[in-house]
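The sequence shown maps to residues 1 to 133 in the UniProt record's numbering. Every residue, glycine too, gets a C-beta built ideally from N, C-alpha and C. Just so it is clear, the structure is predicted and the values come from calculations on it, not from any experiment. Here's the structure we're looking at; comments come further down.
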Amino acid sequence: MALTQEQKEDMKRRIVEALKEVYDPEIPVNVWDLGLIEDISINDDGFVDIKMLLTAIGCPVAASIAYMTEATVWDKVKDAKGVNVEIIWDHPWSPDRVTPEGREQLKVIYGYDVVEDWKAAYQYQQGAGQSSA
1 MALTQEQKED MKRRIVEALK EVYDPEIPVN VWDLGLIEDI SINDDGFVDI
51 KMLLTAIGCP VAASIAYMTE ATVWDKVKDA KGVNVEIIWD HPWSPDRVTP
101 EGREQLKVIY GYDVVEDWKA AYQYQQGAGQ SSA
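Okay, here's the thing in structure tokens:
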């Protein structure tokens with residue numbers, strides 16, 4: 001029997017709660033609040049697909065963070081029929097994706113709003129190599 005929209009919404013809520021238990025090994029904030037989750041889709045049979053960004057293209061922990069994400073969702077959301085995490089590379093993560101909760105966590109850790117520094121660095125990197133001809 002196909003999942004109802006209400007069942008999918010409930011499952012998505014529980015997936016988000018599970019994602020808040022997965023931490024980026026390099027930045028002490030969970031993958032949800034860091035803004036690494038691009039999309040969560042649940043098909044009618046209960047299979048879950050998660051599209052995930054990384055903070056850096058050459059991230060050395062890409063495979064392990066994807067595995068931790070998949071394993072945690074699979075463990076916490078018992079009615080999921082399957083979980084697939086896909087790291088997407090077609091566009092980069094941006095510090096603008098950090099949730100307000102994530103910003104607060106980072107303020108506690110670093111003592112100030114480090115996201116503003118990240119934004120300035122990110123904007124600089126995005127403009128590097130571009131000419132204004």
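Selection from the options that minimises the alpha carbon distance to residue i
| i | options | result |
| --- | --- | --- |
| I88 | K51, Q7, I109 | K51 |
| T99 | C59, A71, V115 | V115 |
Under 8 angstroms between C-beta atoms of residue i and residue j
| i | j | result |
| --- | --- | --- |
| V83 | W74 | yes |
| M11 | I42 | yes |
| L3 | D49 | no |
| A80 | G46 | yes |
| P25 | V61 | yes |
| E38 | L54 | no |
One or two residues paired with residue i in a DSSP bridge
| i | result |
| --- | --- |
| E86 | K51 |
| A39 | Going by the sequence as given, residue 39 is Asp instead of Ala. Per DSSP, K51. |
| Y23 | N30 |
7 angstroms Cβ shell around residue i - same chain, five flanking residues per side excluded
| i | result |
| --- | --- |
| E6 | none |
| R13 | none |
Cβ neighbours of residue i in the same chain (closer than 6 angstroms, five flanking residues each side left out)
| i | result |
| --- | --- |
| I15 | I40, V73, V77 |
| P95 | V115, W118, K119, Y122 |
| Y23 | N30 |
Contacting residues, own chain, Cβ-Cβ under 8 angstroms from residue i (five flanking each side not counted)
| i | result |
| --- | --- |
| D33 | K20, V98, T99, E101, G102, Q105 |
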